[in-house]
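Sequential numbering from 1415 applies to the sequence shown in my numbering. Just so it is clear, CB atoms sit at the ideal spot from N, CA and C, and this is done for glycine as well.
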Amino acid sequence: MIKTKRAASKLPVKGTRAVETGRVGKIAPFGPGQTKKLTLTLKPGHYALICNLPAHYKTGQHVDFTVK
């Protein structure tokens, strides 16, 4: 989870991963079919939720949302 003014699809990339400047939360990697829960208290603003496993970000595993 990253607080940013950029669209989730426009984050800077280093190799196959997004640069995580502004990160406000993170969970450890998990396997297919598994779930994890992350609870955050977020301030108003724009956020990008991304998967930053190798190549996952570049293949579109990200979404934008706004907290008001």
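Query: Below 8 Å on the Cβ atoms is my guess for residue 1457 versus residue 1481; work out the distance and round it to an integer in Å.; Result: 7 Å
Query: If you run the structure through DSSP and keep just helix, strand and coil, what is residue 1424?; Result: helix
Query: When burial is assigned at 16 or more other CB atoms within 10 Å of the CB, is residue 1425 buried or exposed?; Result: buried
Query: For the ligand ZN, any of its heavy atoms closer than 8 Å to the Cβ of residue 1472?; Result: Because no ligand of any kind appears in the structure shown, any question about the ligand ZN cannot be addressed here.
Query: Given a threshold of 16 other Cβ atoms within 10 Å of its Cβ, counted over all protein chains shown, does residue 1442 qualify as buried or as exposed?; Result: exposed
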